[in-house]
Amino acid sequence: MKSAILGFGVVGSGTYEVLARGTCDIEVKRILDVKNNPHVQDKLTCDINDIINDEEISIVAETMGGLHPAYEYVCACMKAGKNVVTSNKKLVAAYYEELISLAKENNVVFRFSASAGGGIPWLSNIIRRAATEKILKIQGIINGTTNYILDSMQTRGMDFTDALSEAQSLGYAERDPSSDIDGEDIKFKCAISSSCAFGAHICEADIPVFSLRTLKCSDMDYAAKMGMCIRYMTFSSVNPDDSFAAYVEPSFVSSGSLESSVHLNNNLVSLFGEYSGRLAFYGQGAGKYPTGASVASDMIEILKTNNFSLVCDRRGKVDNSGEMHRYFIRTERSFSEIEKIAETYEEKNGVFYAVTREISVFDMHGLASNIKKCDENAFFAGIHTEV
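Residue numbering for the sequence shown follows the numbering used here, starting at 1 and increasing by one per position.
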């Protein structure tokens, strides 16, 4: 079977090398990239039409990233009767429902296992499990960059800035780390994971996020005094009215929890099935070879079975008004709004720390938005004693 790869950066080159070293019967005939690469010079093209119009090519792997022109290229390939695999979380989150429908209309397969969880077999197992039982909830650590920062602060006493710099020097964080530390990356992965789990398109724009950017060592210390540690997590679940709770927050978790033992840049994501209970998946969530292997695995699955059962029959409504838990809040001035909902409220050296009573995710994110207007350095974290 002949294939093509769109984009030859970290993931694209990793996919190519995995396929080249493997024993599968998939030949990469074309690589779309603007940069010269002497190792694959005979396969390079700058024209997507060389791939679209090549009837020998039956699988296309999109590893370019971003929305455009990735969206246009993926659609054109499927309309030309080609199966498509992608690692592009931004693309999948934005056009999930449309791309699944387009694949069905053209009798091709659209797979995206590498778009959330990287090398972890996360999405593929969500989809398999959703075919046999109702998935009630998903949760987890699904960003290696921020977990490396948090683990470095917790285990080595580093401050946030130094831990981030070290993550950048090791290649775990981008030069501009905003997507990771402000939660955008996790939000995309939450949207994709939830959509696969619940059979409805959960739009990333509807998922509220608390940033990790303002985290300080004093917040880590406060968590430790409570017998907890901080992890950056995503949560989603099915509500009784068939709407969905979905959100991303720094989270206080018990020091004895699975999440608390996730170190360095590893991920841990879990699904909770109606019959099977909790199923947890651990490992490297990013990187050239783990992600490249996940893309290659999707391609091999298409070659072997051509089967990927996905259900998406509606746009999901996100409603966090019934999702209740306590929160930790740290501010640089007092707020009467916080005092009204506080279980404990104390001031130390001009800094105010609060642990709230149970409050809905919807209400807390609304309150936090107002507080951030007056105190941009305020920090918010959910308290999850059940995790």
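Idealized CB from N, CA, C, for every residue including glycine. Quick caveat: nothing in here was measured; it's all calculated off a predicted structure.
When you compare the CB positions of residue i and residue j, do they come within less than 8 Å of one another, or not?
i: A286; j: A191; result: no
i: F244; j: G316; result: yes
i: F281; j: P250; result: no
i: V295; j: V74; result: no
i: I127; j: C196; result: yes
i: M299; j: I100; result: no
i: A70; j: L91; result: yes
i: I383; j: R333; result: no
i: S3; j: I59; result: yes
i: R21; j: E301; result: no
Quick check: what's the CA-CA separation for residue i versus residue j?
i: S369; j: I31; result: 45 Å
i: A223; j: S115; result: 32 Å
i: D176; j: G65; result: 16 Å
i: N83; j: F8; result: 19 Å
i: A246; j: Q41; result: 45 Å
i: L408; j: N147; result: In the structure as shown, the chain begins at 1 and stops at 387. Residue 408 is therefore absent and cannot be evaluated.
i: M364; j: I52; result: 49 Å
i: E105; j: A76; result: 13 Å
i: M158; j: M228; result: 18 Å
i: Q154; j: H263; result: 10 Å
What residue does the beta strand (DSSP E) around residue i start on, and which one ends it?
i: Q139; result: I135 to I141
i: I61; result: For the sequence presented, residue 61 should be read as Ala rather than Ile. Counting along the chain, the beta strand (DSSP E) containing A61 begins and ends at I57 to E62.
i: H384; result: F379 to H384
i: L6; result: K2 to L6
i: K29; result: E27 to L32
For residue i, which residues does DSSP report across the bridge?
i: A342; result: T356
i: C312; result: The partner list for C312 (beta bridge, DSSP) is empty, contrary to what the question assumes.
i: L268; result: I141 and Y282
i: L123; result: Bridge partners of L123: none, in fact.
i: S394; result: Absent from the structure is residue 394, since the part of the chain shown begins at 1 and ends at 387.
i: F252; result: I230 and I383
i: H391; result: Residue 391 is absent from the structure shown; the chain starts at 1 and stops at 387.
i: R175; result: None, per the DSSP bridge assignment.
Applying the criterion that 16 or more other CB atoms from any shown protein chain within 10 Å of the CB defines a buried residue, is residue i buried or exposed?
i: Q139; result: buried
i: G119; result: buried
i: S124; result: buried
i: E323; result: buried
From what residue to what residue does the alpha helix (DSSP H) around residue i run?
i: T145; result: G144 to R156
i: T214; result: Run containing T214: none; DSSP gives neither H nor E here.
i: M324; result: That residue, M324, is in no alpha helix (DSSP H); its beta strand (DSSP E) goes M324 to T331.
i: S194; result: E184 to F198
i: I51; result: N49 to I52
i: M85; result: Note on identity: in this sequence residue 85 is Val, with Met being the wrong assignment. Segment N83 to T86 is the beta strand (DSSP E) holding V85; no alpha helix (DSSP H) there.
i: C374; result: V361 to C374
i: K304; result: K288 to K304
Any heavy atom of the ligand ADP closer than 7 Å to the Cβ of residue i?
i: P38; result: Although the ligand ADP was asked about, the structure shown includes no ligands whatsoever.
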